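Undergrad: Residue numbers (this note's numbering): -6 to 463.
Ideal Cβ positions, reconstructed from N, Cα and C, are used throughout, including at glycine.
As the structure is a prediction and not an experimental result, all values here were calculated from the model.
Supplied in C-alpha cells, the structure appears directly below.
As C-alpha cells, then:
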C-alpha cells in the first residue's frame, strides 16, 4: 500500500530486513528528512544485529521491538494508514512487519536547520540574542526555557491538505482568557487550505477585520517577546518552517512598544516612548500639513518663512500635492529597493539614491527643497516605530491623509484624523478593543502606556489580554 502511495518518489527508501524464515521487517523513510546516524543506531542497528524474530513469546513482535530494542525517545504504533503516511512525510522512520497490519513510527529527524542568531528585524542593544528559527521544536524549547511552569500549555494542530504543517497554540493556563483561547482554537481549527507556508497565512484567515492597515496580531522572531506576551495574558501561535510567531490579542499600544523598553531604565524607556508617539504623528501628518498650509492657508506661515518657501517653489511646475506625492513614492521605492537588494549594497543604494535623486531634483527645479526635507523627516519618523507590520500600516495612512489635505486643506487633515481615530476605537482583536485601555478607558492599565513604570511597582503582570503591551 505504501509503495503505491509513494510511487515515483525517488527519495522514499524501502529497506527490507529478513529476521527468519517467517518474518521480514521493512523500514520506510525519506532519505532527505532523516538523520543517517540516528537511523543506523536506533532502527537499522537493532534490526540487523539483534534480529528480533517471530519466536519472541506471546506478545506481538511489534510491541516487543518497541519495548526492548528501540531506544529512541519518540516511538508510536498506529494502524491508521493516513497517520502512517503523515509520519513518513514528517521525517519519521516507519517499521512494518509480516503478519501485523500496524506500523511503528520512530523519530529520527534530520531536517536541516540553521543555528540560533539574533533576529535582524528586531535588534536590541540590551537583551537576549537568540531568535526563533524554522524548526518548531527548537522554538518551543526556547519558550519552555524561559517559562518553566506546568501551566504553559501547548496544543498541536495540523493544517494544510498538502503541506501538513504543524501549528501550536501556546498560552498560560489561568493567565490567558479562557474564552479567547477557545475562540483562537476554533478559528485555527476551522482553517481549510491546501498549503500553509508562513504564519501570515494564518494571520489573514483568523483576524477579525480584513480591510484595515493595522495588524491585529503581533509578528515576532524573539522568544523573549513571546514569553513576555504569554505572561501578560496573550496567546501565541507557532508555525513550523517559519521563524515568525504570532501574539494575540494585540492593541494599538503594543505596536508602539518594544521589548527593550523593559531592559533599560524606566525614565529612558518613558522618554523613548514619547519620542515614538511624537514621530508617529509626524509620520502620518507632516506631508499633509505642509501641503495644506502651502496650498490653502499661507497666512499661517511667518512672512520670512513664506518668502523662503515661495522662492524655492518658484521653478517647480507641479502643485504642492503632486510634488509631495511624487517624493513620497520615490522614497518608498528606495526603501523597497534597499530591502530587496543584497544586504551589502542595499543600505548604500538607499542612502546614496536618496541623496543623489533629492539633490538632482532640487537643482533641476522639479522638486523644492522644503518637500525633500519634509519627506526625509517623515521617513525617519516611520522608522522609529518598533513593529515592522505596524509601521507599514502607518506609512500607508500617509497617502489618503495627503490627498485629503490637498483637496480640503486643514479640514481634510481633521477629517482624516477623526476617521483614523474612529477606526481605531471600533477595531477589535479577538474581542479586545484595539485602542484599550484608552477606549474604553481603564485607569488601572494606563500606567504602562505613555509611561514605563518601574519594575518594583509592577511585580506581577495583571491577568487578562487587555494589557497586551509586551
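#1: Hey, could you find the ends of the beta strand (DSSP E) residue 229 is sitting in?
#2: If the criterion is Cβ atoms closer than 7 Å, does the pair residue 371 and residue 280 meet it?
#3: Among the residues of its own chain, which have a CB less than 8 Å from the CB of residue 220, if the five just before and after it don't count?
#4: Count the other CB atoms within 10 Å of the CB of residue 236; is the residue buried (16 or more) or exposed (fewer)?
#5: Assuming residue 390 and residue 277 are in contact, meaning their beta carbons sit under 8 Å apart, how far apart are those beta carbons, in whole angstroms?
#6: Rounded to whole angstroms, what is the Cα-Cα separation between residue 462 and residue 392?
#7: For residue 381, which option in 440, 247, 259 and 154 has the closest C-alpha, if you only look at C-alpha atoms?
#8: Mind the definition here: the region 94 to 108 touches the region 25 to 44 only if three or more C-beta pairs lie below 8 Å; say whether that holds.
#9: Are residue 162 and residue 144 close, meaning C-beta to C-beta below 7 Å?
#10: As a quick exercise: from 275, 113 and 118, pick the residue whose alpha carbon is nearest that of residue 124.
#11: Suppose the cutoff is 6 Å on Cβ atoms and the five residues either side in sequence are ignored; what does the same chain contact list for residue 191 look like?
#12: Check whether the region 393 to 406 and the region 283 to 291 touch, using three or more Cβ-Cβ pairs below 8 Å as the test.
#13: Jot down the residue ranges of each uninterrupted beta strand (DSSP E) in the region 135 to 216, minimum 3 residues, whole runs only, in chain order.
#14: Rounded to a whole number of angstroms, what is the C-alpha to C-alpha distance between residue 455 and residue 223?
#15: Roughly how many angstroms separate the alpha carbons of residue 24 and residue 5, rounded to a whole number?
#16: For residue 391, which of helix, strand or coil comes out of DSSP?
#17: Use the C-beta contact count for residue 187: other C-beta atoms within 10 angstroms, 16 or more gives buried, fewer gives exposed.
#18: Just list the residues that DSSP pairs residue 426 with in beta bridges.
#19: Where does residue 446 fall in DSSP's three states?
#20: Run the CB neighbour count on residue 202, radius 10 Å, all protein chains shown included, and call it buried at 16 or more, exposed below.
#21: In or out: residue 91 buried (at least 16 other Cβ within 10 Å) or exposed?
#22: Less than 8 Å between C-beta atoms, sequence neighbours within five positions excluded: which residues of the same chain meet that for residue 59?
#23: If you draw a straight line from the alpha carbon of residue 83 to that of residue 158, how long is it in whole angstroms?
#24: Residue 258 by DSSP, collapsed to three states: which one?
#25: Quick one: Cα of residue 65 to Cα of residue 41, how far?
#26: With DSSP collapsed to three states, give me the class of residue 19.
#27: Return helix, strand or coil for residue 55, following the three-state DSSP convention.
#28: Assuming residue 320 is part of the beta strand (DSSP E), what are its boundary residues?
#29: Thinking C-alpha only, which one of 266, 208 and 385 is nearest residue 329?
#30: Between 8, 27, 155 and 53, which lies nearest to residue 88 when the distance is taken from Cα to Cα?
#31: Can you list, in chain order, the residues of its chain with a C-beta nearer than 6 Å to that of residue 450? Leave out the 5 residues immediately preceding and following it.
#32: What separation, rounded to the nearest whole angstrom, lies between the Cα atoms of residue 299 and residue 292?
#33: For residue 172, I'd like the list of residues in its chain whose CB is within less than 8 Å of its CB, leaving aside the five on either flank, ordered along the chain.
#34: Could you give the distance in angstroms between the alpha-carbon of residue 122 and the alpha-carbon of residue 131?
#35: Let me know the secondary structure DSSP gives residue 7 once reduced to three states.
#36: Could you check whether residue 379 and residue 251 sit closer than 7 Å to each other, using their CB atoms as the reference points?
TA: The relevant details are as follows:
#1: 228 to 232
#2: yes
#3: 136, 139 and 140
#4: buried
#5: 5 Å
#6: In this prediction, residue 462 has a pLDDT of 42, which is less than 50 and means its spatial position is unreliable; nothing more can be read from the coordinates.
#7: 247
#8: yes
#9: no
#10: 113
#11: 235
#12: yes
#13: 145 to 152, 158 to 165 and 211 to 213
#14: For residue 455, the predicted structure reports a pLDDT of 42, less than 50, and the residue's modelled location is therefore unreliable. A value from the coordinates is still provided. If I take the Cα positions, the gap works out to 12 Å.
#15: 6 Å
#16: helix
#17: exposed
#18: 421
#19: coil
#20: exposed
#21: exposed
#22: 68, 70 and 97
#23: 9 Å
#24: coil
#25: 16 Å
#26: strand
#27: helix
#28: Careful: residue 320 lies outside any beta strand (DSSP E), inside the alpha helix (DSSP H) at 313 to 333.
#29: 385
#30: 8
#31: none
#32: 9 Å
#33: 424
#34: 15 Å
#35: strand
#36: yes
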